[in-house]
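Working notes, structure below.
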Amino acid sequence: MEKVEYKPLTIKDWAVADRPREKLLAKGNASLSDAELLAILIGSGSPKESAVDLSKRILMDINNNLDELGKQDVKALCRFKGIGQAKALTIVAALELGRRRKLSEALERVAIRGSKDAFDLFQPIVADIPHEEFWVLHLNRANKVIGQERTSMGGVSGTVVDVKLIMKSALANLSSSIILCHNHPSGNNKPSENDKQITNKVKAACEMLDIALLDHIIVAGNVYLSFADEGLL
Numbered sequence: 001m002e003k004v005e006y007k008p009l010t011i012k013d014w015a016v017a018d019r020p021r022e023k024l025l026a027k028g029n030a031s032l033s034d035a036e037l038l039a040i041l042i043g044s045g046s047p048k049e050s051a052v053d054l055s056k057r058i059l060m061d062i063n064n065n066l067d068e069l070g071k072q073d074v075k076a077l078c079r080f081k082g083i084g085q086a087k088a089l090t091i092v093a094a095l096e097l098g099r100r101r102k103l104s105e106a107l108e109r110v111a112i113r114g115s116k117d118a119f120d121l122f123q124p125i126v127a128d129i130p131h132e133e134f135w136v137l138h139l140n141r142a143n144k145v146i147g148q149e150r151t152s153m154g155g156v157s158g159t160v161v162d163v164k165l166i167m168k169s170a171l172a173n174l175s176s177s178i179i180l181c182h183n184h185p186s187g188n189n190k191p192s193e194n195d196k197q198i199t200n201k202v203k204a205a206c207e208m209l210d211i212a213l214l215d216h217i218i219v220a221g222n223v224y225l226s227f228a229d230e231g232l233l
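Start counting the sequence shown at 1; every next residue gets the next number (the UniProt record's numbering).
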């Protein structure tokens with residue numbers, strides 16, 4: 001009896017309506033699963049695995065969490081068999097565009113009404129980065145955003161914060177008030193003693209210059225802590 005060799009189906013072997021690109025054109029982006037959207041970015045799989053199956057394998061490794069996918073850099077993505085540097089760069093670039101789009105939408109908020117507004121603005125900027133960054137949000141007398149600036153960038157467990165640079169930034173923007181923000185890559189949104197000390201130093205400096213320190217937001221992924229809400233200011 002002649003031995004029959006079975007070959008895995010590729011996307012080209014699928015019904016046209018089930019192919020990710022054709023499906024997107026016919027039914028719209030919302031009809032595609034996360035794996036199918038990722039497969040469009042990847043473009044191709046391998047002789048043993050379709051682009052969709054490769055995408056499913058990547059997503060399974062990160063518990064099907066797109067937030068975790070956004071934290072993967074080129075090196076991390078290249079650990080998956082079938083993902084080379086070019087495909088990894090495409091994925092990273094697409095996710096960065098998504099972050100920037102979200103940031104653009106956040107910046108359309110003309111006024112900060114509470115800690116959630118400040119978090120929504122900063123979360124796309126600092127939530128996914130693997131190191132700590134310290135930012136200042138500048139507001140006018142109506143609490144409308146007039147600028148934002150990163151004042152320091154550090155390592156995984158901390159960053160050096162210079163109060164003089166923060167106040168220089170506030171004066172340069174003619175800020176009536178400011179909101180501080182930094183991220184905790186660990187995912188723990190609890191403030192450290194150093195966080196509290198820096199906040200108190202900035203508050204004292206603000207009082208001398210008649211600038212209001214409205215809040216200090218700690219971003220930890222999709223959650224945050226507000227010094228103002230917690231009565232720590």
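Idealized CB from N, CA, C, for every residue including glycine.
Environment of residue i [buried if 16+ CB atoms lie within 10 Å]
| i | result |
| --- | --- |
| Pro124 | buried |
| Asp67 | exposed |
| Leu94 | Looking at the sequence shown, residue 94 is not Leu but Ala. Per the 10 Å Cβ criterion, exposed. |
| residue 237 | In the structure displayed, the chain extends from 1 to 233; residue 237 sits before or after that span and is not available. |
| Met208 | exposed |
| Leu114 | Note that residue 114 corresponds to Gly in the displayed sequence, not to Leu. Gly114 comes out exposed. |
Assigned secondary structure, residue i (DSSP; H/G/I helix, E/B strand, else coil)
| i | result |
| --- | --- |
| Leu67 | Note that residue 67 is Asp in the sequence shown here, rather than Leu. Three-state DSSP puts Asp67 in a helix. |
| Ala228 | coil |
| Thr90 | helix |
| Phe134 | strand |
| Asp128 | coil |
| Thr151 | strand |
| Leu139 | strand |
| Asp215 | strand |
| Gly175 | In the sequence as displayed, the identity of residue 175 is Ser instead of Gly. In this structure, Ser175 counts as coil in the three-state DSSP scheme. |
| Ala220 | strand |
| Arg19 | coil |
| Ser46 | strand |
| Cys181 | strand |
| Lys116 | helix |
| Ile40 | helix |
Nonlocal neighbours in the same chain, by C-beta distance under 8 Å from residue i, ignoring five residues either side
| i | result |
| --- | --- |
| Val160 | Ser152, Gly154 |
| Asn64 | Asp34 |
| Lys23 | Ala17, Ser31, Leu32, Glu36 |
| Leu165 | Thr151, Ser152 |
Same chain, Cβ closer than 6 Å to residue i, five either side skipped, listed in chain order
| i | result |
| --- | --- |
| Asn143 | Ala111, Ile112 |
| Leu38 | Ser55 |
| Gly28 | none |
| residue 236 | For residue 236 there is no data in the structure shown, the boundaries of the chain being 1 and 233. |
| Cys181 | Phe122, Trp135, Ile217 |
Whether residue i touches residue j by CB criterion (8 Å)
| i | j | result |
| --- | --- | --- |
| Leu213 | Lys201 | no |
| Ser176 | Asn140 | yes |
| Tyr224 | Asn194 | no |
| Gln85 | Val74 | yes |
| Ile211 | Ile178 | yes |
| Arg99 | Gly70 | yes |
| Asp215 | Ala205 | no |
| Ile58 | Ala51 | no |
Sequence-distant residues of the same chain with beta carbon closer than 7 Å to residue i, five excluded per side
| i | result |
| --- | --- |
| Asn173 | His138, Ile146, Gly147 |
| Phe119 | Ile217, Val219, Tyr224 |
Contact between the stretch 125 to 135 and the stretch 77 to 84 is defined here as three or more beta-carbon pairs at a separation below 8 Å; is this criterion met?
no
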